[in-house]
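> In the working numbering, the protein residues as written are 113 to 298. Positions of the beta carbon are idealized from the N, C-alpha and C atoms, including for glycine. Submitted below is the structure of interest, expressed as structure tokens.
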């Protein structure tokens, strides 16, 4: 416990002695004279920051996915995401809404909404699907995905879905999912 308190005290001293500014910030010298503290510039409405903190850029684009299990599903959706500024998105937080279609056996439609977070090459998603044949059968399913991402444009994930025990469409619980997103305003 004493070591932890010592480490926290030492870290707080280092932080207070070496102020860190965002890469896009520029601190004029005359601000330091106006401030009571050398490391904290006063807030000014005349000189706004160029960028805010994380997730300061928004992009939207179409998304196509293919899910393979016992039966294949082809899907299309629209994705919306906020990501950090950089040449390639390092991390982003977003969601998508769309519909999947079963390619074999009887026609099954699956309107869906998914939420995702990605960091560097990893992606994690959670979603809700409403499977129906628009005649008499339906099923609610939740899904969780984890996988790899190539520059946030191409994803390969393992999808596991959770649903009711009645399972009228003979759906599996495990799928391999390939997703391509085309950002329109990146």
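Nearest to residue 280 by alpha carbon, out of 219, 175 and 190?
Taking only the C-alpha atoms, the option nearest residue 280 is 219.
> Residue 290 by DSSP, collapsed to three states: which one?
Strand, per DSSP.
> With respect to the beta strand (DSSP E) encompassing residue 216, which residues constitute its N-terminal and C-terminal limits?
Residue 216 -> no beta strand (DSSP E), and no H or E assigned at all.
> Does the Cβ of residue 287 have 16 or more other Cβ atoms within 10 Å, making it buried, or fewer, making it exposed?
Residue 287 should be labelled buried.
> Is the CB-CB distance between residue 283 and residue 243 below 8 Å?
Closer than 8 Å, so yes.
> Leaving out five residues on either side along the sequence, give the residues of the same chain with a beta carbon under 8 Å from the beta carbon of residue 135.
Annotation note: pLDDT 42 at residue 135 (below 50); position unreliable, coordinate value reported separately. Excluding sequence neighbours, residue 135 sits near nothing in its chain.
> Taking the continuous beta strand (DSSP E) assigned at residue 270, which residues delimit it?
Element bounds for residue 270: 266 to 275.
> DSSP beta-bridge partners for residue 225?
In DSSP, residue 225 forms a bridge with 209 and 240.
> With a CB to CB cut of under 6 Å and the five nearest residues on each side skipped, what residues in its chain are close to residue 184?
Around residue 184: 215.
> Determine which residues share a DSSP beta bridge with residue 258 and list them.
BP columns for residue 258 point to 236 and 270.
> Short check: CB of residue 230 to CB of residue 204, under 8 Å?
Taking 8 Å as the Cβ cut-off, residue 230 and residue 204 qualify as a contacting pair.
> Suppose you measure from the CA of residue 275 to the CA of residue 221; what does that come to, to the nearest Å?
Residue 275 and residue 221: Cα-Cα distance of roughly 16 Å.
> Output the distance between the C-alpha atoms of residue 180 and residue 263, rounded to the nearest integer angstrom.
Cα-Cα distance, rounded: 23 Å.
> Anyone know if the C-beta pair for residue 210 and residue 190 falls short of 8 Å?
Yes.
> Determine the DSSP secondary structure at residue 285, reduced to helix, strand or coil.
Three-state result, residue 285: coil.
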